[in-house]
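Enquirer: Under UniProt numbering, residues 1 to 92 are what the sequence shown spells out, in order. All residues carry an ideal CB built from backbone N, CA and C; glycine is no exception. Keep in mind that this is a model prediction, so the values were computed, not measured.
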Amino acid sequence: MAAYSITYDLHKIKNYTRLQEGIDALSGTVWVKPTLSQFIVKTTYTSSQIRDFLKSYVDHDDTIFVAKIDLNDWASYNVEQKLVDPLKTTFF
Numbered sequence: 001m002a003a004y005s006i007t008y009d010l011h012k013i014k015n016y017t018r019l020q021e022g023i024d025a026l027s028g029t030v031w032v033k034p035t036l037s038q039f040i041v042k043t044t045y046t047s048s049q050i051r052d053f054l055k056s057y058v059d060h061d062d063t064i065f066v067a068k069i070d071l072n073d074w075a076s077y078n079v080e081q082k083l084v085d086p087l088k089t090t091f092f
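#1: Decide if ALA67 is buried, meaning its Cβ has at least 16 other Cβ atoms within 10 Å, or exposed.
#2: For LYS12, decide whether its Cβ has a neighbour in chain D, counting only Cβ atoms nearer than 7 angstroms.
#3: Enumerate in chain order the residues of its own chain whose CB-to-CB distance from LEU10 is below 6 angstroms, with the five nearest sequence positions on each side excluded.
#4: Quick one: what's got a C-beta closer than 6 angstroms to LEU54's C-beta in the same chain, skipping five residues either side?
#5: Measuring alpha carbon to alpha carbon, tell me which of LYS88, SER5, THR89 and THR90 ends up nearest THR46.
#6: Only counting runs of 3 or more residues, tell me where the beta strand (DSSP E) segments fall wholly within the region 43–87, in order along the chain.
#7: What does the Cβ neighbour count give for SER27, buried or exposed, with the cut at 16 atoms within 10 Å?
#8: Across the region 28–47 and the region 83–90, are there enough close Cβ pairs to call them in contact, namely three or more that are closer than 8 angstroms?
#9: With burial defined as no fewer than 16 other Cβ atoms inside 10 Å of the residue's Cβ, what is the status of ALA25: buried or exposed?
#10: For the alpha helix (DSSP H) that TYR23 lies in, which residues bound it at each end?
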């Protein structure tokens, strides 16, 4: 399994609940949301597969960006500790 950062912009309808349902289905609810428009997930899917999977959970005008990330080297500022801790434990 690898870690991926999924960032998004929901435009007109802004159905955040629907997107989170997609993230849950994709990751088996193994995710962290360190910022308002980002999920970090652990999955066996590739970036393209994640993007294609999530397209059915957003509107045609919404934006999704997926990148594989290295959680051995990261830093944060003003991210709540309850969100930082899982990045140190859940993903390793």
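Expert: Looking at the coordinates:
#1: Against the sequence shown, residue 67 aligns to sequence position 67. ALA67 comes out exposed.
#2: Considering every chain present, this structure includes no chain D. It has just one protein chain.
#3: Locating residue 10 in the sequence shown gives position 10, counting from the first residue. Excluding sequence neighbours, LEU10 sits near ASP62.
#4: For the purposes of this step, residue 54 is taken as residue 54 along the sequence shown, with counting starting at 1. These residues qualify, in order along the chain: GLY22 and ILE64.
#5: The count along the sequence shown starts at 1 and reaches residue 46 at position 46. Nearest option by C-alpha distance: SER5.
#6: 63–69
#7: As a first step, residue 27 must be located in the sequence shown, where it is residue number 27. Classification for SER27: buried.
#8: yes
#9: Within the sequence shown, the letter at position 25 stands for residue 25. Its Cβ having fewer than 16 others within 10 Å, ALA25 is exposed.
#10: Within the sequence shown, numbered from 1, the residue matching residue 23 stands at position 23. Here residue 23 is Ile; the residue named in the question, Tyr, does not match the sequence. Looking at the DSSP string, the run of the alpha helix (DSSP H) that includes ILE23 is 16–27.
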